[in-house]
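At position 177 of the sequence shown (counting the first as 1) the number is 177 in full-length UniProt numbering, and the numbers step up by one without a gap. To keep things clear, I will list the structure first and then write my remarks on it.
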Amino acid sequence: MSAHGEAQPMTAHKSGPLKGRAEVPGDKSISHRALIFGAMAVGETRVTGLLEGQDVLDTAKAMQAFGAEVTRHGQGEWSVHGVGVGGFREPADVIDCGNSGTGVRLIMGTMATTAMTATFTGDASLRKRPMGRVTDPLSLFGARAYGRAGGRLPMTVVGAANPVPVRYALPVASAQVKSAVLLAGLNAPGQTVVIEKEPTRDHSERMLLGFGAALTVEKTAEGNVITLTGRPELRPQTVAVPRDPSSAAFPVCAALIVEGSDIMVPGVSQNLTRNGLYLTLVEMGADIEFQNPREEGGEPVADLRVRFSPGLKGIEVPEERAPSMIDEYPVLSVVAAFAEGKTVMRGVKELRVKESDRIDAMARGLEACGVTVEEDEDTLIVHGLGAGGVAGGATARTHLDHRIAMSFLVCGMASKKPVSVDDASPILTSFPIFEGLMTGLGATLRRG
Numbered sequence: 001m002s003a004h005g006e007a008q009p010m011t012a013h014k015s016g017p018l019k020g021r022a023e024v025p026g027d028k029s030i031s032h033r034a035l036i037f038g039a040m041a042v043g044e045t046r047v048t049g050l051l052e053g054q055d056v057l058d059t060a061k062a063m064q065a066f067g068a069e070v071t072r073h074g075q076g077e078w079s080v081h082g083v084g085v086g087g088f089r090e091p092a093d094v095i096d097c098g099n100s101g102t103g104v105r106l107i108m109g110t111m112a113t114t115a116m117t118a119t120f121t122g123d124a125s126l127r128k129r130p131m132g133r134v135t136d137p138l139s140l141f142g143a144r145a146y147g148r149a150g151g152r153l154p155m156t157v158v159g160a161a162n163p164v165p166v167r168y169a170l171p172v173a174s175a176q177v178k179s180a181v182l183l184a185g186l187n188a189p190g191q192t193v194v195i196e197k198e199p200t201r202d203h204s205e206r207m208l209l210g211f212g213a214a215l216t217v218e219k220t221a222e223g224n225v226i227t228l229t230g231r232p233e234l235r236p237q238t239v240a241v242p243r244d245p246s247s248a249a250f251p252v253c254a255a256l257i258v259e260g261s262d263i264m265v266p267g268v269s270q271n272l273t274r275n276g277l278y279l280t281l282v283e284m285g286a287d288i289e290f291q292n293p294r295e296e297g298g299e300p301v302a303d304l305r306v307r308f309s310p311g312l313k314g315i316e317v318p319e320e321r322a323p324s325m326i327d328e329y330p331v332l333s334v335v336a337a338f339a340e341g342k343t344v345m346r347g348v349k350e351l352r353v354k355e356s357d358r359i360d361a362m363a364r365g366l367e368a369c370g371v372t373v374e375e376d377e378d379t380l381i382v383h384g385l386g387a388g389g390v391a392g393g394a395t396a397r398t399h400l401d402h403r404i405a406m407s408f409l410v411c412g413m414a415s416k417k418p419v420s421v422d423d424a425s426p427i428l429t430s431f432p433i434f435e436g437l438m439t440g441l442g443a444t445l446r447r448g
């Protein structure tokens, strides 16, 4: 059952060729950050192209609860009147972040160095996810966190009245943890330093610089050393949110495996910390053209021309690529099922602690569709059956995970028999127009 009400089953039937333009929504990661940084600036920040999925709307409500004025002016058009670094007020009620791990972890970082107390919760999926990876480094600033066993929500965070700057080496490759520490460092005196051995998505660093923070990134033998000078006055900005490469992954991957497809996906972010899936697909033999490369809102973007690719080959995905495509492994595993040979995905243990255990969810669902899968704690191996070779005819459990739901619906568009998901309602958290966009391209999706 959905955390937001009754479960909404959905079935994807074998599709004819997908054709047309796939106008995917704005990037979720950048949308969260635009609202949060706007709330910490002094004055009015304008945002265009904001993703209006439930995750981002929950972050907007949270910024209002902390004292910022957040206003919607039209589709994707928002403004945020910020209160300045250290200007948050204590919220009067519990902050509900819904399904969003990004939202809750970044907001915890934002308030952790201000003398206030806030309590956070989320839906059933989010309440299972570990928060210790964020609250541990926040405690170094002087913040305290009290939650359920295993460091899980609901959780109360007591911000540091006299924060100190921190030097922190990330134990895992996580843009959420990195960003939470940098956000906490904004209201700490002196310099906060984050060291990441493996590069992760750099939207926070780009946006901090855009809002006027003093930040440097140095490549060293330790990895990227990010140094932030605390207590700046952030300047309001106009933020143009590029289209989300994680959302674009679904129509792109569907077009690759549905016979006769030829689609255009315009304005997709090509940030080097987010494009691992697209590099991998090209290496597998995908017919993708990257047209009209340009920069929008401080982010590189391109228009993608994608055609059916019957000769896809399984590959071993470089382990070091995992941070740049961690959210895309579920749909990549679907593409791998329609490739020839085996696709090996290593270094993916982070998938075990996403909205669901995504390794287990994809393995069980693909097996039910007739695909042979191997797995261990850190690895997923899919033995491909070639173009048109997947039987389908199964119902996959989504575990309240939007990416699992969309991945199996993509699978059903190219399988011999329909593929169903037990609950498609979580898709609204990140890609609210998924159903309409895919049916507009020619996919057959049926509810119930």
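Think of the CB as a built atom: it goes at the ideal place given N, C-alpha and C, for glycine as much as any other residue. Keep in mind it's a predicted model, so treat the numbers as computed, not measured.
Have a look at Ala-188 and Asp-376 and give me their C-alpha separation to the nearest angstrom. C-alpha separation (whole angstroms): 41 Å.
* Assuming His-203 contacts Ser-29 (C-beta within less than 8 Å), just tell me the rounded distance between them. => Going by Cβ atoms, the distance from His-203 to Ser-29 rounds to 5 Å, so yes, they are a contact pair.
- Message: Need the endpoints of the alpha helix (DSSP H) that Glu-283 sits in, please.
- Response: DSSP places Glu-283 inside the alpha helix (DSSP H), whose first and last residues are 276 to 283.
**Item:** Residue environment, Lys-178, which counts as buried when at least 16 other CB atoms sit within 10 Å
**Value:** Under this definition Lys-178 is a buried residue.
Leaving aside the five residues before and after Arg-397 along the sequence, list all residues of the same chain whose C-beta is less than 6 Å from its C-beta, in chain order.
Excluding its 5 nearest sequence neighbours in each direction, Arg-397 has C-beta neighbours in its own chain below 6 Å: Asp-422, listed in chain order.
Identity of the residue in Arg-274, Gly-267, Met-207 nearest Thr-200 by Cα:
Selected option, being the one with the closest Cα: Arg-274.
* Which same chain residues, not among the five before or five after Phe-308, have their C-beta less than 6 Å away from its C-beta? -> So the qualifying residues of the chain are Glu-259, Gly-260, Ser-261.
Is the Cβ-Cβ distance between Thr-114 and Gly-159 less than 7 Å? Contact: yes.
### Query
Bridge partners of Glu-44, per DSSP?
Its beta-bridge partners are His-81.
| query | Among the residues of its own chain, which have a CB less than 8 Å from the CB of Met-1, if the five just before and after it don't count? | reply | Unreliable positioning characterises Met-1 in this predicted model, as indicated by a pLDDT of 39, which lies under 50. A coordinate reading is not provided.
Go through its chain and collect everything with a Cβ distance to Ala-12's Cβ below 6 Å, but skip five positions before and after it.
Within the same chain, Ala-12 has close Cβ partners Leu-409, Gly-412, Met-413, Val-419, Leu-445.
For Arg-243, which residues from the same chain have a beta carbon less than 6 Å from its beta carbon, with the 5 sequence-adjacent residues on both sides left out?
Within the same chain, Arg-243 has close Cβ partners Val-24, Gly-267, Val-268.
Nearest-angstrom Cα separation, counted from Gln-54 out to Ile-433
Taking C-alpha positions only, Ile-433 is separated from Gln-54 by approximately 12 Å.
From the DSSP output, in three-state form, read off Val-265 for me.
Here Val-265 sits in strand by DSSP.
* Asked: Got a sec, what are the start and stop residues for the alpha helix (DSSP H) Phe-408 sits in?
  -> Phe-408 -> alpha helix (DSSP H) spans 402 to 414.
> Got a sec, what are the start and stop residues for the alpha helix (DSSP H) Leu-138 sits in?
Replying inline: For Leu-138, the enclosing alpha helix (DSSP H) starts and ends at 132 to 141.
Asn-349 to Ala-339, Cα distance in whole Å?
According to the sequence shown, residue 349 is Lys rather than Asn. Going from the Cα of Lys-349 to the Cα of Ala-339 covers about 23 Å.
Along the chain, where does the beta strand (DSSP E) containing Asp-287 start, and where does it finish? 287 to 296 is the extent of the beta strand (DSSP E) around Asp-287.
Spatial distance of Glu-205 from Val-47 (CA atoms): Between Glu-205 and Val-47, the C-alpha separation is close to 18 Å.
With distances taken Cα to Cα, identify the nearest neighbour of Thr-280 among Ala-387, Gly-314, Pro-165, Pro-251.
-> Checking every option, the nearest Cα to that of Thr-280 belongs to Gly-314.
Q: Determine the DSSP secondary structure at Asp-58, reduced to helix, strand or coil.
A: In the structure shown, Asp-58 falls within a helical segment according to DSSP collapsed to helix, strand and coil.
Checklist entry - Applying the criterion that 16 or more other CB atoms from any shown protein chain within 10 Å of the CB defines a buried residue, is Phe-328 buried or exposed? => result In the sequence under discussion, the amino acid at residue 328 is Glu, which differs from the Phe named in the question. Classified as buried, Glu-328 has 16 or more neighbouring CB atoms from the shown chains inside 10 Å of its CB.
Between the C-alpha atoms of Tyr-146 and Val-157, what's the straight-line distance to the nearest angstrom? Roughly 6 Å between the two C-alpha positions.
Rounded to whole angstroms, how far is the Cβ of Gly-67 from the Cβ of Gly-87, which I believe are closer than 8 Å? Taking 8 Å as the upper bound for CB-CB distance, Gly-67 and Gly-87 are in contact here, some 7 Å apart.
| query | Among Gly-98, Ala-240, Leu-153, which residue has its Cα nearest to the Cα of Val-56? | reply | The shortest Cα separation from Val-56 among Gly-98, Ala-240, Leu-153 belongs to Gly-98.
Q) Can we say the stretch 207 to 225 touches the stretch 245 to 258, given the rule of at least three CB pairs closer than 8 Å? A) No contact exists between the stretch 207 to 225 and the stretch 245 to 258.
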